[in-house]
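Numbering (the working numbering), first residue to last: 384 to 667.
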């Protein structure tokens, strides 16, 4: 075996080993959570409010709160992220300014989520007087998701073959029409991927909402954007750290974690199916 074949074999073995390790670790993680939580899940668990100091009952208020926080934050962040990506892709000048903006966006991706929570509390809760509310939490989560969406959207646009744009310009289309008719439709499946990642991160964040939106306990559903809400990740945190009856509350925490995990997996699966169908239509 010559050195080139040995290098190929070693590289293939290493990649295969890393893949197997990743799959095994993921399977162990899913088993550790779902094996302790799935048995707790029932129709009553999903549709009832917490009872008796959160030692009984269900998670319905937290489920609704997570749904609204996630939906509102993505509705805010997705169009802003796409417009910002379009600017960086097609209109950003001079180049040094674009590079500075990209550096800032990449830096924001790595900032711990607790910093976003403190920012949301300082700006939305205190400065703008939105108080601890659904609106404050959604705006904070939108800012957290925005860098991910911008990066994914711009990379998706950069991946569009240059020949597509050249052909559009050759037919007399303006830059705006080329972006809206050629670039965005072609890049949309990959833009959806960025939105999927953002939904998963937003739905599972605890630190940003514990300062801006979440309440420890509530039996009522949010009636307006100014109401506090329960949320699944904060509910898990509260059960594991603040509970007085761990024997009853820890199983509920694992059940809540299983619901959150299954919800994120379900949303991701739906979005992957949509992306697959969009790609098939383009191939036809």
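We put the beta carbon where it would ideally sit given N, CA and C, even for glycine. On a predicted model such as this, the values are computed, not experimentally measured, just so you know.
Short Cβ contact (8 Å threshold) for residue 632 with residue 438: Position 249 of the chain shown, counted from the first residue, corresponds to residue 632. Position 55 of the chain shown, counted from the first residue, corresponds to residue 438. The answer is yes: Cβ separation under 8 Å.
Euclidean distance between Cα positions of residue 443 and residue 554: Walking along the chain shown from the start, residue 443 turns up at place 60. Walking along the chain shown from the start, residue 554 turns up at place 171. For residue 443 and residue 554, the distance between alpha carbons rounds to 55 Å.
Unbroken alpha helix (DSSP H) run spanning residue 585, endpoints: Locating residue 585 in the chain shown gives position 202, counting from the first residue. Where residue 585 is concerned, the enclosing alpha helix (DSSP H) stretches over 567-587.
Exposure of residue 510, with buried meaning 16 or more beta-carbon neighbours within 10 Å: Numbered from its first residue, the chain shown carries residue 510 at position 127. Residue 510 should be labelled exposed.
Where residue 525 falls: helix, strand or coil (DSSP): Position 142 of the chain shown holds residue 525. Helix at residue 525.
Any alpha helix (DSSP H) of 4 or more consecutive residues that is wholly inside the stretch 435-518: 443-469, 478-492 and 496-503
Proximity of residue 540 and residue 468 at Cβ, strictly below 8 Å: The residue you call residue 540 lines up with position 157 of the chain shown. The residue you call residue 468 lines up with position 85 of the chain shown. Against a cut-off of 8 Å, the Cβ pair of residue 468 and residue 540 comes out as a contact.
Own chain partners of residue 514 with C-beta closer than 8 Å, once the 5 adjacent residues on each side are dropped: Translated into the one-based positions of the chain shown, residue 514 becomes position 131. Cβ neighbours of residue 514 beyond the five flanking positions: 508 and 609.
Span separating the alpha-carbon of residue 563 from that of residue 458: Residue mapping note: residue 563 aligns to position 180 of the chain shown, counting from 1. Residue mapping note: residue 458 aligns to position 75 of the chain shown, counting from 1. Using only the alpha carbons, I get a separation of about 20 Å.
For residue 591, three-class secondary structure by DSSP: As a position in the chain shown, residue 591 is number 208, starting the count at 1. Helix.
Buried/exposed call for residue 637, threshold 16 Cβ in 10 Å: The sequence position of residue 637 within the chain shown is 254, counting from 1. Looking at its Cβ environment, which holds 16 or more other Cβ atoms inside 10 Å, residue 637 is buried.
Buried versus exposed call for residue 453 [16 or more other C-beta atoms within 10 Å across all chains shown]: For the purposes of this step, residue 453 is identified with residue 70 of the chain shown, where counting begins at 1. The residue in question, residue 453, is buried, as its Cβ has 16 or more Cβ neighbours within 10 Å.
Residues that residue 433 bridges to, as DSSP identifies them: Against the chain shown, residue 433 aligns to sequence position 50. Answer is 440.
Closest Cα partner of residue 503 within the set 388, 460 and 593: For the purposes of this step, residue 503 is taken as residue 120 along the chain shown, with counting starting at 1. Among 388, 460 and 593, the Cα nearest to that of residue 503 belongs to 593.
Touch test, the stretch 646-658 against the stretch 576-584, Cβ-Cβ under 8 Å, three pairs minimum: yes
Contact check, residue 473 vs residue 606, beta carbons under 8 Å: Position 90 of the chain shown, counted from the start, is the residue given in the question as residue 473. Position 223 of the chain shown, counted from the start, is the residue given in the question as residue 606. The answer is no: Cβ separation not under 8 Å.
Whether residue 578 touches residue 654 by CB criterion (8 Å): As a working note, residue 578 is residue 195 in the chain shown. As a working note, residue 654 is residue 271 in the chain shown. Closer than 8 Å, so yes.
Sheet register partners of residue 612 (DSSP bridge): Position 229 of the chain shown, counted from the start, is the residue given in the question as residue 612. Answer by DSSP bridge pairing, in chain order: 597.
CA-to-CA distance, residue 406 to residue 392, given in whole angstroms: Counting from one through the chain shown, the residue named residue 392 turns up at place 9. Counting from one through the chain shown, the residue named residue 406 turns up at place 23. So the two alpha carbons sit approximately 21 Å from each other.
Under 8 Å between C-beta atoms of residue 516 and residue 588: Here residue 516 is taken as the residue at index 133 of the chain shown, counted from 1. Here residue 588 is taken as the residue at index 205 of the chain shown, counted from 1. No, they are not a contact pair.
For residue 605, three-class secondary structure by DSSP: Here residue 605 corresponds to residue number 222 of the chain shown, with the count starting at 1. In this structure, residue 605 counts as coil in the three-state DSSP scheme.
DSSP three-state assignment for residue 532, whether helix, strand or coil: Residue mapping note: residue 532 aligns to position 149 of the chain shown, counting from 1. Correct three-state label for residue 532: helix.
Residue 658 vs residue 531 beta-carbon contact at 8 Å: On the chain shown, position 275 is the one that residue 658 refers to. On the chain shown, position 148 is the one that residue 531 refers to. The answer is no: Cβ separation not under 8 Å.
Between the CA atoms of residue 538 and residue 475 - distance to the nearest angstrom: Mapped onto the chain shown, residue 475 falls at position 92. Mapped onto the chain shown, residue 538 falls at position 155. Spanning the two alpha carbons is a distance of roughly 15 Å.
Limits of the alpha helix (DSSP H) - the one that residue 559 falls within: For this step, residue 559 is matched to residue 176 along the chain shown. Element bounds for residue 559: 558-561.
Spatial neighbours of residue 615 in its chain, beta-carbon cut-off 6 Å, leaving aside the 5 residues before and after: One-based indexing of the chain shown puts residue 615 at position 232. Same-chain partners within the cutoff: 445, 449, 639 and 643.
CA-to-CA distance, residue 470 to residue 434, given in whole angstroms: By one-based count along the chain shown, residue 434 stands at place 51. By one-based count along the chain shown, residue 470 stands at place 87. In a straight line, the C-alpha of residue 434 is about 50 Å away from that of residue 470.
Three-state secondary structure assigned by DSSP to residue 551: Residue 551 sits at position 168 when you count from the first residue of the chain shown. Residue state, collapsed to three classes: helix.
Coarse secondary structure for residue 543, derived from DSSP in three states: The residue given as residue 543 occupies position 160 in the chain shown. Residue state, collapsed to three classes: coil.
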